[in-house]
Amino acid sequence: MMKYLYLIIFTLFVGYGNVFAQNDTTKIVLKKTMLNGHVFTSINTSKSASINTYLNTELGVGNTGTLNLPGIKIGDYEILSFTGSVTFITAEVDYRQQINDWLALRLGISMGGRMGSNMPTILVDGLNTFNGGSIGWDFRLAQKQKFQMAGSVFLKNISGSFIDIAGYVKDLINDVPFAAVVKNVPVLTVGVGGQGAWAFNKTFGLQFGADFSYGESFNRGEKSFYTSFNISGDMDLMPKRNIPLGFAIGHSISSNPEDTYLELIYTNIYSFKIAYTGSSDFDLGIQFLTNRVKLSEAIDNDPMIFKTQLDFKFYF
107 MMKYLYLIIF TLFVGYGNVF AQNDTTKIVL KKTMLNGHVF TSINTSKSAS INTYLNTELG
167 VGNTGTLNLP GIKIGDYEIL SFTGSVTFIT AEVDYRQQIN DWLALRLGIS MGGRMGSNMP
227 TILVDGLNTF NGGSIGWDFR LAQKQKFQMA GSVFLKNISG SFIDIAGYVK DLINDVPFAA
287 VVKNVPVLTV GVGGQGAWAF NKTFGLQFGA DFSYGESFNR GEKSFYTSFN ISGDMDLMPK
347 RNIPLGFAIG HSISSNPEDT YLELIYTNIY SFKIAYTGSS DFDLGIQFLT NRVKLSEAID
407 NDPMIFKTQL DFKFYF
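Counting the sequence shown from 1 gives a position; the working numbering is that position plus 106.
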């Protein structure tokens with residue numbers, strides 16, 4: 107994780123040096139894709155509808171807040187009850203290489219995990235991690251003055267590792283064959299998607315899209331159909347007010363296994379981003395995300411995750 111952070115900080119200093127070395131920002135060669143005079147503030151729940159070359163890194167940390175874990179009931183009394191929280195960590199690196207005006211190759215690696223803050227929450231919810239990669243092709247479908255749209259085909263391979271102590275004890279009691287504390291489950295999916303963008307003017311823009319995929323799930327031996335939908339709006343203060351700040355707000359609905367872990371359910375992800383937009387070479391921003399997630403069956407209510415994420419996107 108720290109390697110990514112050091113890389114981001116180093117590149118940030120280099121990027122700022124390049125920007126402030128030029129007094130007139132209008133003379134900078136624009137490497138970002140512009141639509142109707144608007145440069146979109148990227149947000150991780152929405153893919154880019156442009157066909158260009160970039161390197162994107164994301165590093166996020168989140169927490170559920172305090173959870174009340176049920177104890178053991180003896181008559182009308184409950185003993186050995188605990189409080190705790192679950193921490194989430196995610197990291198992702200994406201690289202896209204433009205082949206020509208209408209085609210680009212995209213590669214990605216991602217990892218993440220969730221872990222209880224103390225031993226009781228680890229015993230109840232376990233320790234869950236995933237890592238993997240993806241490869242895909244992005245291709246232009248439409249290009250107008252204010253509107254553009256791109257399609258994609260992709261292959262994703264994720265490996266999940268789940269340490270479930272409570273589930274292991276339950277399997278032993280129920281005489282489940284081949285009970286294990288640690289379960290390693292590979293997930294391979296193939297899918298298609300589409301992403302659109304509309305630039306109202308130099309300041310405001312809208313992005314939207316959807317992905318559809320099919321393949322294995324974290325429930326070993328099961329296959330599933332996954333979908334995700336996203337929409338986001340953004341505002342860039344640089345063109346008209348010469349203030350290098352951009353804002354974006356987004357919403358996505360996803361059933362992808364890396365978003366929901368074991369459960370084959372949908373989760374709603376809400377996000378808000380503040381970004382520095384004064385450079386032609388990179389985007390730098392901080393993003394705040396929240397969504398509800400299913401934890402152990404011992405926790406009745408699905409808690410909300412509140413995650414803070416550092417985003418860095420460098421254009422070539």
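Built from N, CA and C at the ideal position, the CB exists for glycine as well. As the structure is a prediction and not an experimental result, all values here were calculated from the model.
For residue j and residue i, the rounded distance between their alpha carbons
i, j, result
"residue 145", "residue 231", "42 Å"
"residue 209", "residue 418", "23 Å"
"residue 380", "residue 320", "34 Å"
"residue 198", "residue 235", "14 Å"
"residue 166", "residue 200", "15 Å"
"residue 287", "residue 322", "21 Å"
"residue 324", "residue 384", "42 Å"
"residue 240", "residue 295", "9 Å"
"residue 308", "residue 394", "25 Å"
"residue 378", "residue 245", "28 Å"
"residue 340", "residue 148", "8 Å"
"residue 408", "residue 151", "21 Å"
"residue 313", "residue 397", "20 Å"
"residue 143", "residue 305", "8 Å"
"residue 276", "residue 202", "45 Å"
"residue 355", "residue 376", "8 Å"
"residue 161", "residue 243", "15 Å"
"residue 252", "residue 413", "33 Å"
"residue 290", "residue 189", "28 Å"
"residue 250", "residue 222", "49 Å"
"residue 259", "residue 342", "30 Å"
"residue 164", "residue 218", "11 Å"
"residue 214", "residue 263", "10 Å"
"residue 224", "residue 168", "16 Å"
"residue 109", "residue 326", "Reliability of the predicted coordinates at residue 109 is poor, the pLDDT of 47 falling under 50, and the value obtained from them is presented with this limitation in mind. The alpha-carbon atoms of residue 109 and residue 326 are separated by roughly 33 Å."
"residue 265", "residue 174", "30 Å"
"residue 300", "residue 410", "29 Å"
"residue 155", "residue 400", "32 Å"
Secondary structure of residue i, DSSP reduced to three states
i, result
"residue 134", "Only weak support is given to the placement of residue 134: the predicted model assigns it a pLDDT of 40, under 50, and the question is left unresolved by the model."
"residue 414", "strand"
"residue 421", "strand"
"residue 347", "helix"
"residue 320", "strand"
"residue 275", "helix"
"residue 123", "Residue placement at residue 123 cannot be trusted, given a pLDDT of 41 that sits under 50; what the coordinates show is reported in the next sentence. Reduced to three states, the DSSP call for residue 123 is helix."
"residue 157", "coil"
"residue 364", "helix"
"residue 409", "coil"
"residue 283", "coil"
"residue 173", "strand"
"residue 129", "The pLDDT assigned to residue 129 is 37, lower than 50, so where the model puts this residue is not dependable; a value taken from the coordinates is nonetheless given after this. Coil at residue 129, not helix or strand."
"residue 142", "coil"
"residue 328", "coil"
"residue 400", "coil"
"residue 342", "strand"
"residue 308", "coil"
"residue 372", "coil"
"residue 148", "coil"
"residue 384", "coil"
"residue 200", "strand"
"residue 205", "coil"
"residue 191", "coil"
"residue 92", "What is shown of the chain runs 107 to 422, which leaves residue 92 out entirely."
Cβ-Cβ separation, residue j to residue i (assumed contact under 8 Å), whole Å
i, j, result
"residue 336", "residue 315", "5 Å"
"residue 192", "residue 212", "Wrong, their Cβ atoms sit about 31 Å apart, outside the cutoff."
"residue 293", "residue 318", "Rounded, the Cβ-Cβ distance is 16 Å, inconsistent with contact."
Any chance the region 388-396 sits against the region 334-347, with 3 or more Cβ pairs inside 8 Å? Taking 8 Å as the limit for Cβ pairs, the verdict is that the region 334-347 does not touch the region 388-396.
Taking contact to mean at least 3 C-beta pairs separated by less than 8 Å, is the region 326-341 in contact with the region 350-369? A contact exists between the region 326-341 and the region 350-369.
Is it the case that the region 262-277 contacts the region 232-251, given that we only count it when at least three CB pairs across the two stretches are under 8 Å? Yes, since at least three Cβ pairs between the region 232-251 and the region 262-277 fall closer than 8 Å, the two stretches touch.
Could you give the uninterrupted runs of the alpha helix (DSSP H) lying entirely in the region 209-253, keeping only those of 4 residues or more? Taking only runs of at least 4 residues, the alpha helix (DSSP H) segments lying wholly in the region 209-253 are 225-231.
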